[in-house]
Ligand code: SF4
Ligand code: SF4
Ligand code: FES
Ligand code: FES
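Chains as they are written, first to last, in our numbering: chain U, 82 to 994; chain X, 2 to 175.
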């Protein structure tokens with residue numbers, strides 16, 4: 082228990098931890114002191130003076146240093162001579178606070194009167210109207226009349242754009258600096274500022290491009306007036322007409338809680354939904370503005386069937402029976418092994434579970450994957466579940482004593498809201514260590530920002546593990562570490578080649594010491610780490626084990642996989658080598674790459690693709706797919722793969738249906754149906770269920786003719802495999818099935834996901850307190866699954882080895898494929914607002930290197946590896962370290978996929994004439 | 002280009018501060034940029050930001066805050082006349098009117114030949130010498146009507162003679 086301080090507020094006694102601000106203490110007794118500039122997520126500044134109160138403290142006798150008492154033995158209170166701002170005044174023992182009396186009221190009216198002297202009468206046309214703290218506080222505390230001459234109002238040009246996403250109306254701004262402070266303190270993008278002084282004071286953004294931040298939308302939420310509005314929502318609806326439907330962002334693995342605010346069956350805006358354990362009250366701009374795909378005119382609206390070489394509209398009955406018949410045909414002639422299935426990481430858990438059931442049970446095929454079979458696929462990551470962050474961890478509470486190690490990851494691009502959370506841990510006194518091959522934004526706050534040379538990742542980890550190993554006493558403790566001797570053997574004689582790795586052994590010793598002495602250790606790893614070989618996630622897991630933090634409170638791995646539900650796909654066995662809950666399989670199936678080559682060789686007859694776009698990811702895959710007897714694509718859009726399909730089955734989007742996702746921290750969260758579908762599409766699971774049921778009866782049908790005895794055996798086999806007809810009435814029922822059959826998901830149901838709601842207490846009736854926007858979470862906080870290591874008593878070190886990449890003489894450069902938040906992915910369809918921010922099809926090259934090659938910005942180079950080459954214009958930037966070239970993943974026409982070999986790839990670069 | 006052209010001076014300024022506190026050199030660098038370019042526009046502000054590794058917006062904030070950073074064109078010599086209360090008692094308004102008359106401009110404007118800019122400012126902490134004005138930060142005390150002509154002539158001659166002038170007071174500083 083921290084030191085408690087007791088004070089009285091308007092006669093009410095309240096005890097709060099030392100250091101609490103008066104404004105927060107008052108809130109605990111439901112005394113809502115009005116504020117404008119104060120925001121509980123940011124340091125107080127005392128700029129607006131709205132929160133003034135009277136404060137007194139016990140009078141002390143200077144001689145005895147004891148409180149002076151009156152005749153009744155009560156402390157004499159010395160009132161401070163002037164009103165104090167409750168938002169900057171910390172409580173102290175015996176303090177007396179008066180929030181309501183004529184003097185306070187007079188001051189509050191004065192503040193509001195002054196604010197209103199330069200505020201326009203815009204409410205009827207202002208987007209904030211209806212959820213505006215200025216409106217609310219004026220009603221509650223404002224003067225009825227103004228002494229100000231209306232003609233003296235300050236006028237500014239009406240809204241000016243701050244970049245593409247945000248508009249600023251300077252007349253409405255009350256200069257509270259919430260937006261500036263959010264950008265400086267929380268986002269770490271200091272791109273907003275104040276210009277001029279006095280009545281000409283106003284907000285500016287002079288970054289290039291303007292308001293250059295991936296978090297800009299949050300400022301429209303916390304702005305206490307309608308000065309900052311989003312280009313997406315401006316003039317779209319009055320807020321009181323909106324119906325907020327709880328949902329979960331499906332753009333990345335953070336799984337931010339949000340609402341689709343709808344009116345007339347249309348999504349008008351996206352708002353954060355408070356969940357401290359996930360996104361607090363923030364969203365990134367991709368999540369906030371990237372909702373247009375749901376309502377895109379480009380969506381598939383009806384099933385399509387290839388007839389006479391062309392995809393033509395068909396009924397569901399027709400399309401499904403074609404698929405069922407053909408699958409059944411292949412199943413009974415060649416067996417399930419000739420059928421492959423890909424189901425993507427944007428699908429809900431319910432879909433993914435149904436998908437693998439459909440394959441394993443109905444079709445008898447183990448050829449399942451959630452990847453597209455391209456060279457840019459990430460390896461299957463199990464460490465993130467086995468050694469995942471311990472359940473119950475809430476990053477928003479971590480600070481002092483916590484070390485965050487970011488290894489081979491760029492959270493800003495891969496999982497943006499994690500960047501805010503890591504920054505928060507740093508602000509609260511934790512330490513951040515970045516170990517990356519290239520610079521990232523987190524480096525600026527990192528205690529140690531270390532840059533390794535690509536290829537030396539496992540050596541770096543070895544250098545971190547070695548001192549930990551050496552300091553582990555040779556006593557009984559070692560015996561509880563399975564794999565200890567293997568690790569010792571792997572590190573035997575290891576010496577860090579400082580030249581080759583780019584970091585000194587001393588530095589790494591310091592880091593090892595820091596993580597060893599940390600109370601909590603949180604390790605983030607992303608694309609760079611995942612593609613650097615199996616020893617990297619293994620080495621990171623071993624770091625946890627060797628520092629006794631595997632499965633420990635507030636510690637563990639967070640793997641920044643691509644896609645909102647990549648963890649769900651791995652957990653539920655949408656992979657060839659393991660079943661649900663990582664269950665080992667006796668016979669592994671083909672992975673996506675193998676399926677494509679099997680198709681090319683004619684061994685795979687049918688491919689069923691749901692939410693994956695192999696051809697979009699790798700145009701060369703088209704050759705393989707054309708060899709198939711049957712290609713079924715279940716999709717939102719007519720993707721490049723869908724264009725080749727025999728049957729295309731349109732699905733409902735996240736906004737049109739129910740389901741759950743599992744995020745990077747293994748939190749299962751539920752999304753709701755926000756809009757009524759207006760197209761002839763179905764949820765993925767329903768399609769799979771219909772097919773599964775048809776195939777059971779088809780099996781019976783096809784067993785009727787031909788070689789009776791053989792058909793009979795097949796039928797018996799099918800029967801044994803197929804448990805029964807599928808009768809899921811809703812995804813909730815599939816989740817019940819999941820929780821019954823997948824050990825890790827025990828206890829997860831739609832009821833438990835509904836979970837406790839609300840944290841730092843934003844209640845609907847309290848909106849005016851912090852700002853006007855309701856973040857109230859009525860949709861539940863989700864359930865975090867335990868990591869495997871939490872439930873096992875023996876700690877296992879993962880197989881680890883140090884590899885040194887052979888340098889290739891004529892390919893001296895390193896090519897790295899990097900994830901960027903704004904890519905050409907289908908989920909950004911129709912979100913044109915973000916177009917200018919999208920990663921460009923360029924090669925990022927360090928200016929020093931560019932000079933060596935003699936290339937200017939925009940000139941083309943050819944980059945070639947052992948596999949192939951690409952040709953792109955050059956962008957000179959220090960974001961590429963010397964010797965490294967960075968090309969974006971997921972951007973059209975970069976040709977990256979035909980050049981990379983796994984992760985960082987040795988390449989030659991040639992300037993094009 | 003600012004850096005390339007004034008390398009010695011800029012390095013000298015930077016050397017006054019620890020390497021990790023480069024931002025401390027902001028004001029002197031802005032003075033320099035303002036002198037070199039005659040005003041601080043978007044490009045010159047960005048140049049300074051880049052020399053100091055500061056976010057552009059931060060530097061704009063500073064320029065916007067101080068009245069002695071000019072974000073629009075000014076003459077070679079900026080006359081800042083104090084029109085606060087003590088100076089007013091001693092003839093500040095008459096002084097402003099006199100200057101407006103002689104220069105043919107209104108306060109806030111710049112002469113056609115771009116030599117003088119006339120501005121009204123608030124107390125510049127020399128009330129005992131009222132009425133006062135600053136010409137590029139150089140104080141001119143007790144500017145009573147009989148002194149105005151001579152002062153303007155001298156300033157104009159200095160400019161015409163090519164004597165280095167500094168609208169930022171950068172040279173006056175030494
Ligand atoms: S724009 Fe909004 S948040 Fe920013 S200072 Fe003005 S009122 Fe405050
Ligand atoms: S951080 Fe990820 S989950 Fe959160 S809003 Fe952004 S894209 Fe969506
Ligand atoms: S001064 Fe306290 S809320 Fe603004
Ligand atoms: S009033 Fe003019 S200098 Fe003080």
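Cβ coordinates follow ideal geometry from the N, Cα and C atoms, glycine included.
Buried versus exposed, by CB contacts within 10 Å (16 or more), residue i
| i | result |
| --- | --- |
| residue 329(U) | buried |
| residue 963(U) | exposed |
| residue 161(U) | exposed |
| residue 85(U) | exposed |
| residue 313(U) | buried |
| residue 20(X) | exposed |
| residue 372(U) | buried |
| residue 68(X) | exposed |
| residue 880(U) | exposed |
| residue 994(U) | exposed |
For residue i, the first and last residue of its enclosing alpha helix (DSSP H)
| i | result |
| --- | --- |
| residue 430(U) | 430-438 |
| residue 698(U) | 695-698 |
| residue 38(X) | 27-38 |
| residue 93(U) | Careful: residue 93(U) lies outside any alpha helix (DSSP H), inside the beta strand (DSSP E) at 93-98. |
| residue 649(U) | 647-652 |
| residue 87(X) | 86-90 |
| residue 327(U) | Element bounds for residue 327(U): not the alpha helix (DSSP H) but the beta strand (DSSP E), 324-329. |
| residue 379(U) | No alpha helix (DSSP H) holds residue 379(U); DSSP gives it neither H nor E. |
| residue 995(U) | Look at the range of chain U in this structure, 82 to 994, and you will see that residue 995(U) is not part of it. |
Own chain residues within Cβ distance below 8 Å of residue i, not counting five before or after
| i | result |
| --- | --- |
| residue 645(U) | 329, 330, 331, 332, 333, 334, 336, 426, 427, 742, 744 |
| residue 569(U) | 550 |
| residue 162(X) | none |
| residue 233(U) | 198 |
| residue 820(U) | 826, 827, 828, 829, 830 |
| residue 1003(U) | No answer is possible for residue 1003(U): the residues shown for chain U start at 82 and end at 994. |
Option nearest residue i by Cα separation, candidates the options
| i | options | result |
| --- | --- | --- |
| residue 610(U) | 675(U), 592(U), 571(U), 534(U) | 534(U) |
| residue 662(U) | 316(U), 148(U), 868(U) | 868(U) |
| residue 765(U) | 692(U), 808(U), 682(U) | 692(U) |
| residue 155(U) | 176(U), 347(U), 255(U) | 176(U) |
| residue 667(U) | 673(U), 658(U), 899(U) | 658(U) |
| residue 600(U) | 480(U), 88(U), 985(U), 445(U) | 480(U) |
| residue 367(U) | 709(U), 944(U), 536(U), 916(U) | 916(U) |
Own chain residues within Cβ distance below 7 Å of residue i, not counting five before or after
| i | result |
| --- | --- |
| residue 957(U) | 926, 928, 931, 938 |
| residue 596(U) | 484, 486, 602, 624, 628 |
| residue 786(U) | Confidence is the limiting factor: at residue 786(U) the pLDDT is only 47, short of 50, which leaves the residue's position unreliable and the question unanswerable from this model. |
| residue 815(U) | 431, 434, 435, 766, 809 |
| residue 87(X) | 128, 131 |
Sequence-distant residues of the same chain with beta carbon closer than 6 Å to residue i, five excluded per side
| i | result |
| --- | --- |
| residue 654(U) | 437, 660, 661 |
| residue 6(X) | none |
| residue 901(U) | 494, 920, 969 |
| residue 15(X) | 26 |
| residue 439(U) | 769, 773 |
| residue 276(U) | 283, 285 |
Residue interval of the beta strand (DSSP E) (run including residue i)
| i | result |
| --- | --- |
| residue 593(U) | Counting along the chain, residue 593(U) falls outside any beta strand (DSSP E), though it belongs to the alpha helix (DSSP H) covering 586-598. |
| residue 210(U) | Counting along the chain, residue 210(U) falls outside any beta strand (DSSP E), and DSSP gives it neither H nor E. |
- Message: Using a Cβ distance threshold of 8 Å, determine whether the region 502-509 of chain U contacts the region 260-277 of chain U, with at least three qualifying pairs required.
- Response: yes
- Query: Touch check for the region 613-626 of chain U and the region 450-470 of chain U: three-plus C-beta pairs under 8 Å?
  - Reply: yes
- Evaluate the contact criterion for the region 382-396 of chain U versus the region 413-432 of chain U: three or more CB pairs, one atom per stretch, below 8 Å. no
- Counting pairs of beta carbons, one from the region 129-146 of chain U and one from the region 200-213 of chain U, are three or more of them closer than 8 Å? no
- Item | Three or more C-beta pairs below 8 Å linking the region 334-353 of chain U and the region 389-408 of chain U | no
- Taking contact to mean at least 3 C-beta pairs separated by less than 8 Å, is the region 969-982 of chain U in contact with the region 875-893 of chain U? no
- Query: Are the region 242-249 of chain U and the region 282-298 of chain U touching, with three or more C-beta to C-beta distances below 8 Å?
  - Reply: yes
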